[in-house]
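First residue of the sequence shown? That's 31 in this note's numbering, and the numbers climb one at a time after it.
Even for Gly, the Cβ is constructed at its ideal location relative to N, Cα and C.
Keep in mind the model is a prediction, meaning the values are calculated, not measured.
Presented below is the structure to which this report refers.
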Amino acid sequence: MRLFKNFVFIVLLFFLMSCREKSITADADKINMDSLRAEMALDSSLYKWEEGKIVVNWKDLIDIKFVRKADSLLDSVDIPQFTDKVKAIHGREVIMEGFYIPVEETGDENIVILSAYPYSQCFFCGQAGVESIVDVLIKEALPPIKTDTKVRFSGTFKTNADDFDYLIYLLEEAKYLP
């Protein structure tokens, strides 16, 4: 009798284990692999942190590939293919440092450009790519700042692959850090 009880217990245990394995497999199918890779990149301690915010490294932003796609309005466009490390900081509070480039000729006083390079080497002068500049959407009026001054901003980092009114990187709700 005891042998029979042990046998039933073992069969029941195997049955329960196989049900649990199917449940785990079913849940794994629902995982968004892109977001998982992005979270893994964020959690891997590959970032410098300051005041609870990620300090963005320009090398990470510049490490990008583009895919050319047809467009009905613009004939063809280059669509950025962001790395997992950059995707991981999308929507996160960050600190960025770079060279200040005003764009008051656009008429929008709430946007400035932050560049990895000084004005003479920036994207607008043909020395670098669009991946080396960020649209900074500021919350409050800035003090007078000279072009090419190295500045710091904090804000919410966003990637942009489809709104051609903005650059491929945005810093929203940005605050100037003197």
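Residue i, DSSP secondary structure in three states
i: residue 109; result: strand
i: residue 184; result: strand
i: residue 147; result: coil
i: residue 169; result: coil
Beta-carbon proximity check, residue i vs residue j, cutoff 8 Å
i: residue 183; j: residue 149; result: no
i: residue 107; j: residue 95; result: no
i: residue 204; j: residue 110; result: no
i: residue 126; j: residue 164; result: yes
i: residue 189; j: residue 112; result: yes
Nearest to residue i (by Cα), restricted to the options the options
i: residue 134; options: 174, 193, 125 and 191; result: 174
i: residue 121; options: 83, 87 and 169; result: 83
i: residue 75; options: 168, 119 and 201; result: 119
i: residue 130; options: 181, 92 and 114; result: 181
i: residue 200; options: 158, 80, 179 and 117; result: 117
i: residue 166; options: 176, 132, 151 and 147; result: 132
i: residue 145; options: 162, 139 and 138; result: 162
i: residue 89; options: 179, 158 and 176; result: 158
i: residue 147; options: 138, 140 and 128; result: 128
i: residue 114; options: 77, 168, 138 and 142; result: 77
Counted within 10 angstroms of its Cβ, other Cβ atoms place residue i as buried (16 or more) or exposed
i: residue 208; result: exposed
i: residue 214; result: Here the chain covers residues 31 to 208 and nothing more, so residue 214 does not appear.
i: residue 194; result: exposed
i: residue 92; result: exposed
i: residue 142; result: buried
Distance between beta carbons of residue j and residue i, contact taken as under 8 Å
i: residue 186; j: residue 170; result: No, residue 186 and residue 170 are not in contact; Cβ-Cβ is about 15 Å, not under 8 Å.
i: residue 86; j: residue 79; result: The Cβ separation is near 11 Å, so there is no contact.
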